[in-house]
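Taking it in order: structure first as structure tokens, then the write-up.
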Amino acid sequence: MTSLAVPEHPWLLPGALAGATSPDAAARRPRRTTRDWAVDTLAFLLSLLWVLFVTADALSPDPAITTPLPHDWMTGADALLGLACCGLLWLRRRWPLGLALATAPLTLFSMASAVPLVILYFTVVVHRRTAVAVAVTGVGLVTNMVFSWLRPDPNMSYWATAAWGVVISFAVLAWGMFVRARRQLIVSLRDRAERAEAEQQLRVAQARHLERTRIAREMHDVLAHRISLLSLHAGALEFRPDAPPDEVARAAGVIRGSAHAALQDLREVIGVLRADGDGDAPEPPQPTLADLPALIDESRTAGVRVNVSDSVATPGEVPAALGRAAYRIVQEGLTNARKHAAGAAVTVDVSGGPGTGLTVAIGNRWPVGTPAGGELPGAGTGLVGITERVTLAGGRLAYGRDDAGDFRLAAWLPWPA
């Protein structure tokens, strides 16, 4: 993904905009871009031409733009002040307000400094707050009235000259405020685009994390069930080494089938992980409530006594997500029973209907002593995953020992009418 913080042609942007793209822009002063050098050079040349024109006009026998000064040395001094202001234009980006205040007295009488002082004033409006720009404008309006009296135009009255000064000041103010507002808008839009890009990347990362968490939960639910069946059959073979050959062969076949199914499930999960969030990657078929009898039969084949009570009003109308959650809850309950209460009978109760919700309850006697072959290890993450699954579905989950001392896992899931 291309970063929005790096413009294609930064040399065409003002330094205030191009410098903001660097990570340490807030810690250092923006550097001049090629555009800034071109603008500063043009401003310097225009100001220099103005100084030369005004000086030549003042020394002519018949000045066209202002009343001549009483002495020639005043004209030369005015020209030197104008040249000094031209040189200050190269520093206007660094100290715009300071230079404007330092040269404010020149606006009382200097004609040669008029153009460079207007450029300095424009820089203050662009780079400083509106309140500062308005204050500098007020000072300029006062000095304009004095300038019109000290250096009257030979072809216009005093009030006409002062009015033109006011018009020029407000025009420069409006132009500078427009440029400042446009730059602020560009910076704001760029910040919003960068934030949107960062938020999009964060959403993608969160989506990947959630998807991997979901896959890990599915892996635990499936593989824990398969491996617990393997352990149960292997424990039976270990407990009865003198069993008839046909029973040993049947148990070995079940072990082989369960191992094959576990490897197939593991292969499907790894395939999804390798796809890395590819939306076109096919997912394995997800179980529903209709697959619950097959799950019960697997446990019964492994020797677990399972008593089932199924009183769902309309099994064919159970939503897929609701049926999958119920299947995983029963699967986790049977897996825990095989792990921690081997040999105990398990009861599975599924009931409910549209509007009343779906209730799933799994119970077994609390184990007494340690079963032969040792207890299967468990980290408790299965119940954590089931709790999260039920919570996301908007249901309730409770597990632990009931009043009779048995272990009970019960969940209620909403089923819209």
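In this text, residue positions in the sequence shown follow this note's numbering: the first is 202, and each later residue adds one. Glycine included, C-beta positions come from ideal geometry on N, C-alpha and C.
Distance CB(residue i)-CB(residue j) smaller than 8 Å
i, j, result
"L490", "A450", "no"
"P555", "A618", "yes"
"D354", "T344", "no"
"A611", "G596", "no"
"E499", "L584", "no"
"T536", "A452", "no"
"P215", "T234", "yes"
"W567", "G606", "yes"
"V405", "V327", "no"
"G504", "L433", "yes"
"L496", "V455", "no"
"R427", "A463", "yes"
"A542", "F608", "yes"
"M378", "T338", "no"
"R529", "I587", "yes"
"W291", "D241", "yes"
"A259", "L243", "no"
"A280", "T256", "yes"
"L342", "V367", "yes"
"V549", "V591", "no"
Identity of the residue in the options nearest residue i by Cα
i, options, result
"V373", "F348, Y322, P446 and L430", "Y322"
"F245", "R233, I320, A265 and A257", "I320"
"V561", "V513, I428, A546 and P488", "V513"
"R352", "R293, A313, V337 and G377", "A313"
"I620", "E400, L318, H410 and R393", "Summary: the structure shown does not reach residue 620, with the chain confined to residues 202 through 618, and so no result is reported for it."
"T267", "A399, S349 and V333", "S349"
"D263", "N356, R501 and Q487", "N356"
"A594", "A545, A538, P520 and A435", "P520"
"A305", "T515, C287, G544 and V340", "V340"
"R302", "C287, A278, H461 and V333", "With the sequence shown as reference, residue 302 is identified as Leu, and Arg is not the correct amino acid for it. Per the Cα distances, V333."
"D511", "R293, G553 and Q402", "G553"
"G285", "A394, L253, A265 and H272", "The question names Gly, but residue 285 is Ala in the sequence shown. Closest by alpha carbon: L253."
"E589", "L411, R501 and I563", "L411"
Assumed close pair residue i, residue j - CB separation to whole angstroms, cut-off 8 Å
i, j, result
"G534", "L614", "With a Cβ gap of about 14 Å, G534 and L614 do not count as contacting."
"V335", "L298", "No, V335 and L298 are not in contact; Cβ-Cβ is about 13 Å, not under 8 Å."
"L289", "L300", "5 Å"
"N565", "V547", "5 Å"
"V316", "W251", "4 Å"
Burial state of residue i, where buried means 16 or more other Cβ atoms lie within 10 Å
i, result
"R441", "exposed"
"S311", "buried"
"E518", "exposed"
"P483", "Per-residue confidence for P483 stands at a pLDDT of 47, beneath the threshold of 50, marking its modelled position as unreliable; the derived number appears in the next sentence. P483 is exposed by the Cβ-count criterion."
"F371", "exposed"
"G283", "buried"
"G575", "The predicted model places G575 with a pLDDT of 45, which falls under 50 and marks its position as unreliable; any figure quoted below should be read in that light. Counting Cβ neighbours within 10 Å, G575 comes out exposed, since fewer than 16 surround it."
"D604", "exposed"
"W616", "buried"
"V347", "exposed"
"A375", "exposed"
"S248", "buried"
"T414", "exposed"
"D447", "exposed"
"D443", "exposed"
"G601", "exposed"
"A397", "exposed"
"G480", "Unreliable placement is indicated for G480, whose pLDDT of 48 sits below 50; the coordinate value is still reported in the next sentence. Burial call: exposed."
"S459", "buried"
"A265", "exposed"
"T515", "exposed"
"P488", "buried"
"A538", "buried"
"P572", "Because the pLDDT at P572 is just 48, under 50, the model does not fix this residue reliably, and the value given afterwards should be weighed accordingly. Buried, by the Cβ-count rule."
"T545", "In the sequence as presented, Thr is not what sits at residue 545; that position holds Ala. A545 is buried by the Cβ-count criterion."
C-beta neighbour in chain B for residue i, strict 8 Å
i, result
"G517", "Here chain B cannot be found, since the structure has a single protein chain."
Runs of alpha helix (DSSP H) wholly within the stretch 229-271 (minimum 4 residues, chain order): 235-260
Ignoring anything shorter than 3 residues, give me the beta strand (DSSP E) runs that lie fully in the stretch 267-320, in order along the chain. none
Let me know the beta strand (DSSP E) ranges lying completely inside the stretch 510-592, each 3 residues or longer, listed in chain order. 547-554 and 558-565
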